[in-house]
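Novice: Residue numbers (the working numbering): 4 to 455. All C-beta atoms, glycine included, are put in the ideal place defined by N, C-alpha and C. Owing to the predicted nature of the structure, the values given are computational and were not obtained by experimental measurement. Structure incoming, see below.
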Ligand SMILES: [Zn+2]
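The following block contains the structure:
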């Protein structure tokens, strides 16, 4: 049971709210003048966000790719370094990194993660004895941390647009459609040991790493969703797809595949106005990863048009170069301000930027991960976050300014508690398994560094 001094409901703010939970869901919500014995008392209770896009292993290379050598660095030179790093990782290291990343996400206020999982095989491309060995390692990290999971095994068949063969650095990613189907089935089996809110979706990596026939085949088998795909992240990708398929990536996808509310289009950075309008109408979620998009030099999302046409969106930490919920949200808004030379961009008409982005990302993230959550309401999964409004970043604010304070002035330290489908993993600002998870990570990284 949870007692909150203040809480943000779909209808607005309320004081002295008491929630009861049952089987991971919110069972009752009521106003109560006092907490009862045994209640967990928190200050300000919010719906927790889903982190809709992560490649957890990339966290361990954060800081290794910020050194410029001769010439111009780009997304593509970063990718080469990432491939070299990926080649070294063992299953134990992948599990230790994932546990650290999921812990950091929970401490930042995320209740769940969409793990877009594309390292499947041994370094030379040979499958492990268990085809879904590394999906099993992600599941183990989820069991360790208690985070909610939508696991998204990736179909990765080609090295570039136009069915270019896989390159050496991509050997760990590749599968035929048949083997991919086996992998998804095996991952579903392995996830049965996790709580019921954890599930498996699919992720054709991108148009450049698949082809229309294979995309159609996996959608036929697994089209119920969630379906996630990288799209239109880089201008070169847009040009390559245009040349190959005769349409821009988002345009091609919307015209040729039944994109629906089961879909999440990751990045969708480079869109025309027509693509922006049509994507908003599709009811798919735009999976925005503002820190990574800034780090990789992708460019800003077409935010104002997309919001004006009712487009849905959520937030992801993608490369995990930095895991910070508050920073993702403010980077999203700041990318728009820098492009438009304007303030308070990401709202339609008048209103709070923080509330627009926070509430929008809560609903959109939940939709993208297929989780029945995104608001504090009876029957929803208990994905909840509590913050401390006595923190110096928030203590001068009135209630209606709290979310703006969180998003623009707050650091993740204001997060005191996080529940993932009722699992209370962050208490007093720290994950309950922090000591063991960090120790495991340090040991795993020591071995990695000596291997590099
Ligand atoms: Zn990604």
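Do you know offhand how far residue 387's Cα is from residue 102's?
Specialist: Approximately 20 Å between the Cα atoms of the pair.
Novice: Considering only DSSP beta bridges, list what residue 388 is partnered with.
Specialist: Partner(s): 49, 421.
Novice: Indicate whether the contact test is met: 3 or more Cβ pairs, each with one atom in the segment 66 to 79 and one in the segment 430 to 439, closer than 8 Å.
Specialist: Too few Cβ pairs lie closer than 8 Å, so no.
Novice: Please classify residue 337: does DSSP put it in a helix, a strand, or coil?
Specialist: Three-state DSSP puts residue 337 in a helix.
Novice: Let me check you understand the geometry: is the CB of residue 58 closer than 7 Å to at least one non-hydrogen atom of ligand 1?
Specialist: The answer is yes for residue 58.
Novice: Just the C-alpha distance for residue 180 and residue 166, rounded to the nearest angstrom, thanks.
Specialist: So the two alpha carbons sit approximately 14 Å from each other.
Novice: If we count the other Cβ atoms within 10 Å of its Cβ and call it buried at 16 or more, is residue 450 buried or exposed?
Specialist: The residue in question, residue 450, is exposed, as its Cβ has fewer than 16 Cβ neighbours within 10 Å.
Novice: Take residue 320 as the anchor and find which of 331, 367, 310 has the nearest alpha-carbon.
Specialist: Comparing Cα-Cα distances from residue 320 to each of 331, 367, 310, the minimum goes to 331.
Novice: Look at residue 299 and residue 81 and say whether their C-beta atoms are less than 8 Å apart.
Specialist: Contact flag set, yes.
Novice: Thinking just about the alpha-carbon of each residue, which of 170, 323, 177, 100 is nearest to the one in residue 142?
Specialist: Measuring from the Cα of residue 142, the nearest candidate turns out to be 100.
Novice: Beta-carbon within less than 6 Å of residue 425's beta-carbon, same chain only, minus the 5 sequence neighbours each way: which residues are those?
Specialist: Result list for residue 425: 24, 27, 385, in chain order.
Novice: Just the Cα atoms here: how many angstroms apart are residue 361 and residue 328?
Specialist: If you take the alpha carbons of residue 361 and residue 328, they lie about 10 Å apart.
Novice: Please list, in chain order, all residues of the same chain as residue 42 whose beta carbon is under 6 Å from its beta carbon, the five residues on each side excluded.
Specialist: Once the five neighbours on either side are set aside, the close Cβ partners of residue 42 are 4, 6.
Novice: Give the range of the beta strand (DSSP E) segment to which residue 151 is assigned.
Specialist: Looking at the DSSP string, the run of the beta strand (DSSP E) that includes residue 151 is 151 to 158.
Novice: If contacts are defined as beta-carbon pairs under 8 Å, then residue 9 and residue 47 qualify, I think. What distance do you get, rounded to the angstrom?
Specialist: Contact holds; Cβ gap of about 5 Å.
Novice: Which of the three DSSP states, helix, strand or coil, is assigned to residue 17?
Specialist: In this structure, residue 17 counts as strand in the three-state DSSP scheme.
Novice: At which residues does the alpha helix (DSSP H) containing residue 230 begin and terminate?
Specialist: Per DSSP, residue 230 belongs to no alpha helix (DSSP H); it is in the beta strand (DSSP E), 230 to 234.
Novice: Is it right to say residue 111 is buried, meaning 16 or more other beta carbons lie within 10 angstroms of its own, or is it exposed?
Specialist: Residue 111 comes out buried.
Novice: When you compare only the Cα positions, how much space is there between residue 151 and residue 104?
Specialist: Distance between the alpha carbons of residue 151 and residue 104: 13 Å.
Novice: Could I get the ranges of all uninterrupted beta strand (DSSP E) runs contained in the segment 345 to 396, with 3 residues as the minimum, in chain order?
Specialist: Here the runs fully enclosed are 387 to 390.
Novice: For residue 266, count the other beta carbons within 10 Å of its own beta carbon; 16 or more makes it buried, fewer makes it exposed. Which is it?
Specialist: Burial call: buried.
Novice: Look at the Cβ atom of residue 279, then the Cβ atom of residue 308, and state whether they are nearer than 8 Å.
Specialist: The answer is yes: Cβ separation under 8 Å.
Novice: For the beta strand (DSSP E) containing residue 8, list its first residue and its last residue.
Specialist: 5 to 12 is the span of the beta strand (DSSP E), which, as asked, contains residue 8.
Novice: On the three-pair Cβ rule with 8 Å, is the segment 118 to 135 touching the segment 187 to 206?
Specialist: Cβ pair count under 8 Å is three or more, so yes.
Novice: Cutting at 8 Å between CB atoms, please list the residues of its own chain near residue 247, excluding the five before and the five after it.
Specialist: Result list for residue 247: 164, 165, in chain order.
Novice: What does DSSP give as the partner residues of residue 433 in its beta bridges?
Specialist: Partner(s): 430.
Novice: Would you give the residue range spanned by the alpha helix (DSSP H) that residue 225 belongs to?
Specialist: Here the alpha helix (DSSP H) through residue 225 covers 215 to 225.
Novice: Are the CB atoms of residue 154 and residue 208 nearer to each other than 8 Å?
Specialist: In this structure, residue 208 does not lie closer than 8 Å to residue 154 by Cβ.
Novice: If you check the beta carbons only, do residue 415 and residue 389 fall under 8 Å apart?
Specialist: No, the pair does not count as a contact, with Cβ atoms beyond the cut-off.
Novice: State the Cα-Cα distance for the pair residue 88 and residue 404, rounded to the nearest angstrom.
Specialist: The straight-line gap from Cα to Cα measures roughly 43 Å.
Novice: Return yes when the Cβ of residue 60 is within less than 8 Å of the Cβ of residue 92, no when it is not.
Specialist: Cβ distance < 8 Å, so residue 92 and residue 60 count as in contact.
Novice: Helix, strand or coil for residue 267 per DSSP?
Specialist: In this structure, residue 267 counts as strand in the three-state DSSP scheme.
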